[in-house]
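Undergrad: Here full-length UniProt numbering is used: position 788 in the sequence shown is 788, and no number is missing along the way.
Structure incoming, see below.
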Amino acid sequence: MAVGEEVMQEIVKARTDKRQYRRIVLPNSLEALLISDPDTDKCAASMDVNVGSFSDPDGLEGLAHFLEHMLFYASEKYPLEDSYSKYITEHGGRTNAYTSSEHTNYFFDVNSDGFEEALDRFAQFFINPLMSADNQKNLLSDGWRMNQLQKHLSAADHPYHKFSTGNWETLEVRPKAKGLDTRAELIKFYEQYYSANVMHLVIYGKESLDKIQATVEDKFKGIRNIDRSCLRFGGEPCTSEHLQILVKTVPIKEGHKLRLVWPIAPEIHHYKEGPCSYLGHLIGHEAEGSLYAVLKTLGWATRLGAGESDSTLEFSFFIVDMDLTDAGHEHMQDIVGLLFKYISLLHQSGICKWIFDELSAVCETKFHYQDKNQPINYVVSISPNMQKYPPRDWLVKSSLPSNFSPDTIQMVLNKLSPENVRIFWESKKFEGHTNMTEPWYGTAYSVEKISGSMIQEWIVSSPNENLHLPVHNVFIPTDLSLRNDHEQANCPVLLRKSPCSTLWYKPDTMFFIPKAYVRIHFTCPHTSESPETEVLTKMFTRLLMDYLNEYAYYAEVAGLFYAITQTDSGFLVTLVGYNHKLRTLLETVVEKIASFKVKADRFAVIKEMLMKEYQNLKFKQPYEQAMNYTALILRDHTSPWMEELEALPHLEVEDLSKFVPLMLSRAFLECYTAGNLERNEAESMIQHIEDVFFKGSNPISQPLFPSQHMTNRVMKLEKGKNYFYPVEGLNPSDENSALVHYIQVHRDDFMLNVKLQLFALIAKQPAFHQLRSVEQLGYITALVQRNDFGIRGVQFVIQSTVKDPAHIDLRVEEFLKGFETKLYEMPSDEFTSNVHALIDMKLEKHKNLREEAGFYWTEISDGTLKFDRKESEIAALRQLTQQELRDFFNEHIKVGAPQKRSLSVRVYGNSHSSGYTTDKSSPVKPCSVKIDDIFSFRRSQPLYGSFKGNHVKL
């Protein structure tokens with residue numbers, strides 16, 4: 001094919017997709033997919049380089065990952081360090097990258113007016129990068145312990161065996177000991193592997209395809225092509241010694257897991273036949289008769305997933321993953337036996353054409369009516385697959401199995417045998433009973449061989465349960481027609497209001513797909529009376545989901561999703577997906593709530609699950625702990641999880657049986673319906689729910705008393721005071737400390753909102769550059785806005801092993817002092833450019849129904865009800881002057897400002913325990929207030945007024 005010529009075979013796209021696509025190949029052999037979307041607000045790009053951790057040199061584990069971090073610091077054309085990320089941030093975008101076994105992917109998005117220069121800056125990293133080598137401290141390992149153990153127990157001469165993440169030891173200590181210069185090795189790696197002919201680029205732009213093509217040819221033609229051959233890593237990662245093994249391993253968290261792994265041929269070579277999709281669909285099914293339903297009924301498992309994993313072009317694995325209960329842990333052999341019984345059932349039943357056709361139909365509907373995604377996510381989903389699939393299937397990938405081939409499916413099914421299996425079994429109960437340690441994460445484990453005949457015994461002795469294939473799926477939508485094309489409501493309208501409920505309705509005027517979104521919040525004052533009632537409400541929502549699972553799983557397979565979750569003041573029922581059968585599912589959910597009875601066996605399982613979840617909260621990252629404490633200090637009527645954990649062991653079936661009728665006895669329903677629904681459908685749905693709960697001679701629910709309507713109250717910190725709360729981290733073996741430095745500013749107001757947002761936009765990248773890149777305080781460093789029910793502020797979030805939180809707090813203040821100068825010296829055109837970037841971000845349209853519903857639901861649940869927020873804030877921004885922003889900074893943000901309200905939550909890890917002692921006992925500085933007890937503090941503070949609880953008018 002001629003270079004630069006577009007492919008004649010058309011790229012398959014969804015029926016609802018109005019975008020245009022074109023494939024081009026540049027003279028340097030770089031292959032690119034261009035996407036033109038005149039309606040987009042954001043543009044995006046993703047460059048996939050066909051090299052990853054499998055190519056790490058021996059003794060330099062993690063080099064490919066390290067290069068991914070180092071490459072984007074500067075280039076010869078743009079030598080100022082971090083200027084790329086500064087440019088992207090100032091133009092309303094974000095940037096990131098990742099490394100996998102055979103790919104490194106770099107991507108960004110940006111407001112459309114900044115796209116051309118952003119592309120130029122991006123391209124330069126692949127033409128003439130300047131690599132910094134100062135940031136090795138940032139490469140903290142991710143806790144992928146089980147995955148690394150799977151790799152460790154494979155052939156040592158296969159790249160799958162390698163440690164892919166890298167750390168200080170592999171990239172600094174060991175190379176230095178051998179006299180290697182890591183930076184020189186990094187450059188050598190780049191020069192050896194980064195070549196245009198193994199790169200794939202996806203560009204998502206607003207302009208015409210011709211204009212995008214001209215830009216891409218101009219910007220990317222300078223990438224050198226050394227004609228590098230595509231790397232292939234042949235051979236099986238698992239030899240016979242790595243099969244038929246049972247690996248017992250000790251996790252960090254509470255809970256038991258079981259994973260069965262079989263090496264298989266990669267599905268990519270048969271993606272139209274979809275063997276793994278078919279087998280994963282059946283083995284991972286959750287409806288009545290499925291393996292999971294049986295294990296759940298026996299009280300042995302609480303989660304099961306099945307499908308292909310860790311696939312490359314040369315090898316792959318089929319994995320079945322389970323979370324077990326304590327009882328399940330004691331029946332591991334029975335569980336493995338039942339799984340092989342189900343596999344045997346699949347052999348006996350033969351490969352069923354009707355199941356494949358049904359799956360194929362579901363996949364086709366899903367593809368053609370898919371939600372539009374954010375451009376950055378869209379380009380990243382395409383670029384890594386361009387090397388694997390022919391161009392016509394770049395968008396479809398493996399999502400449309402269409403060729404029924406029983407032999408292909410049978411070939412993979414035959415691999416799922418006792419002779420081919422690797423079993424990984426994880427539990428704290430193995431502590432002290434293992435004899436080996438994985439070298440990178442220090443995971444304790446032991447290995448024993450298991451023969452086919454042993455597994456055969458497990459199969460024979462496992463219980464005789466009625467395992468069978470799923471039945472025909474009644475939830476597959478057949479009516480995909482569009483409603484309400486005459487509706488022109490640009491924001492939600494209050495359709496009806498009664499003493500029992502309010503109904504907000506937003507017809508689809510943007511997306512034109514046959515989907516709907518329904519959300520019903522049951523406000524029940526009894527749920528938040530005590531830690532006990534909080535836990536009982538959580539138990540109630542979990543049990544409901546548990547009871548509905550076998551029925552509603554069919555809906556999920558067919559693209560109709562539901563969730564029932566606990567909230568601060570009740571519980572939330574959400575349904576989203578194809579509207580055709582949505583009402584059927586909603587009525588079943590409502591009926592289950594109304595007729596709720598506690599099943600003792602399921603209560604015990606859910607209680608055990610919750611116990612473990614609460615116990616595992618102490619393993620949350622320190623910055624997450626700091627965020628939790630911040631919310632606990634600021635939000636009235638919130639209880640700490642430790643109190644809930646204390647209450648949980650004493651709760652029994654009778655407690656929940658008594659509580660649920662009481663909980664439902666007083667209720668108010670706040671409802672939001674959106675998408676492909678008529679007004680009368682929305683009204684009749686909600687009328688039906690009201691009838692179930694509030695009608696009849698002995699109704700389940702009564703309307704709330706006026707005094708019971710919910711409010712959201714937030715602590716009003718005192719002006720001129722710096723509050724701080726020092727606390728030890730919950731996990732004594734975690735070295736990390738964390739700081740949340742929060743500055744409270746105002747109660748929701750359009751002009752103050754945009755001043756705060758503009759400050760956050762301008763300060764975000766300098767804060768990251770100074771505190772992370774220059775001072776290297778921690779890998780997690782962020783400046784983000786905070787909104788507590790309409791009370792607005794900004795917070796610095798930093799996690800560090802290097803310095804303790806009190807020291808980092810001082811560094812944040814130093815940053816703010818330095819930033820003050822930047823704000824005063826900022827040229828007026830830079831100020832204007834930042835204002836325009838923020839306006840562009842606000843003009844960004846919602847991409848799909850979920851995103852739109854999320855925006856409007858926040859307004860409803862906070863009680864702010866400012867549905868025209870974007871337009872009003874844009875109007876405020878257009879009026880804002882540079883001096884007003886400086887005045888805002890001086891009044892609310894500046895260190896020592898008399899109006900400033902701040903709160904520092906300091907979580908001390910084990911490497912800074914002496915700092916904690918000092919912080920607790922040191923004399924408090926003037927204008928500082930130490931919080932010793934959160935609840936005494938909360939009781940002593942004034943509160944902001946609540947937006948929630950005020951009457952809304954029709």
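Beta carbons are placed, not taken as given, at the ideal position from N, Cα and C, and that holds for glycine.
#1: Can you check whether the CB of Thr-523 is closer than 9 Å to the CB of Leu-291?
#2: If you count every other CB in all the chains shown that lies within 10 Å of the CB of Gln-9, and 16 or more means buried, which is it?
#3: Measuring CB to CB, does Gly-729 end up less than 9 Å from Asn-910?
#4: With distance defined between alpha-carbon atoms, name the residue in Lys-755, Val-835, Val-774 and Val-745 nearest to Gly-793.
#5: My output table needs one value for Lys-449: the three-state DSSP class, helix, strand or coil.
#6: How many whole angstroms separate the CB atoms of Lys-842 and Glu-873, which I take to be in contact at a CB cut-off of 8 Å?
#7: Going along the chain, which residues of its own chain have a beta-carbon closer than 8 Å to the beta-carbon of Asp-142, five neighbours each way excluded?
#8: Given a threshold of 16 other Cβ atoms within 10 Å of its Cβ, counted over all protein chains shown, does residue 962 qualify as buried or as exposed?
#9: Just the C-alpha distance for Leu-209 and Leu-582, rounded to the nearest angstrom, thanks.
#10: With a cut-off of 8 Å, do at least 3 Cβ pairs link the stretch 79 to 93 to the stretch 21 to 31?
#11: Measuring alpha carbon to alpha carbon, tell me which of Leu-645, Ser-737, Ala-123 and Asn-225 ends up nearest Tyr-73.
#12: Starting from Thr-743, trace the beta strand (DSSP E) in both directions and tell me its first and last residue.
#13: Take the Cβ of Thr-95 as the centre, count every other Cβ of all protein chains shown within 10 Å, and call the residue buried at 16 or more, exposed below.
#14: Contact between the stretch 381 to 393 and the stretch 501 to 513 is defined here as three or more beta-carbon pairs at a separation below 8 Å; is this criterion met?
#15: Relative to the C-alpha of Ala-214, which candidate in Lys-176, Met-332, Ala-32 and Glu-308 has its C-alpha closest?
#16: Classify Arg-939: buried if its beta carbon has 16 or more other beta carbons within 10 angstroms, exposed otherwise.
#17: From the DSSP output, read off the bridge partner residues of Ser-928.
#18: Along the beta strand (DSSP E) that carries residue 957, what are the first and last residues, could you check?
#19: Under a Cβ-count criterion, where at least 16 other Cβ atoms within 10 Å of its own Cβ denotes burial, should Cys-671 be classed as buried or exposed?
#20: So what does DSSP say about Ala-32, is it helix, strand or coil?
#21: For Cys-363, which residues does DSSP report across the bridge?
#22: Which same chain residues, not among the five before or five after Ser-451, have their C-beta less than 7 Å away from its C-beta?
#23: Measuring only the C-alpha atoms, how far is Ile-839 from Gly-92?
#24: Can you give me the C-alpha to C-alpha distance between Val-320 and Pro-805, rounded to a whole angstrom?
#25: Does the distance from the CB of Val-412 to the CB of Phe-315 come in under 9 Å?
#26: May I ask you to report which of helix, strand or coil DSSP gives Gly-143?
#27: Do you know offhand how far Glu-844's Cα is from Lys-42's?
#28: Excluding the 5 residues flanking Glu-814 on each side, which residues of the same chain have their C-beta closer than 8 Å to its C-beta?
#29: Can you confirm whether the stretch 318 to 337 touches the stretch 245 to 261 when touching is taken to mean that 3 or more C-beta pairs between the two stretches lie within less than 8 Å?
#30: On a CA-only basis, which of Tyr-553, Phe-430 and Gly-289 is nearest Leu-468? Give me that one, please.
#31: Using 8 Å for Cβ pairs, my map puts Leu-186 next to Met-131. What's the rounded Cβ distance?
#32: Between Val-576 and Asp-479, what straight-line distance do the alpha-carbon atoms span, to the nearest angstrom?
#33: Assign Glu-308 to one of three DSSP states: helix, strand, or coil.
#34: Locate the beta strand (DSSP E) running through Ser-316, then write down its first and last residues.
#35: For a minimum of 4 consecutive residues, which ranges assigned as the alpha helix (DSSP H) are wholly contained in the stretch 396 to 434?
#36: To the nearest angstrom, report how far apart Trp-168 and Phe-66 are at their CA atoms.
TA: The relevant details are as follows:
#1: no
#2: exposed
#3: yes
#4: Val-745
#5: strand
#6: 6 Å
#7: In this predicted model, Asp-142 has a pLDDT of only 32, less than 50, meaning its place in the structure is not dependable enough to derive any value.
#8: The structure shown does not extend to residue 962, since the chain spans only 1 to 954, so no value can be given for it.
#9: 39 Å
#10: no
#11: Ala-123
#12: Here residue 743 is Ile; the residue named in the question, Thr, does not match the sequence. 737 to 747 is the span of the beta strand (DSSP E), which, as asked, contains Ile-743.
#13: buried
#14: no
#15: Ala-32
#16: exposed
#17: Asn-722
#18: Residue numbering for the chain in the displayed model covers 1 to 954; residue 957 lies beyond these limits and cannot be assessed.
#19: buried
#20: strand
#21: Per DSSP, none; premise fails for Cys-363.
#22: Gln-244
#23: 9 Å
#24: 42 Å
#25: no
#26: Caution is warranted here: a pLDDT of 40 is assigned to Gly-143, below 50, making its placement in the model unreliable, and the coordinate value is therefore given only provisionally. DSSP places Gly-143 in coil when its eight states are reduced to three.
#27: 7 Å
#28: none
#29: yes
#30: Per the sequence presented here, residue 468 reads as His, with Leu not at that position. For His-468, the nearest C-alpha among the options comes from Gly-289.
#31: 6 Å
#32: 16 Å
#33: strand
#34: 316 to 324
#35: 406 to 415
#36: 10 Å
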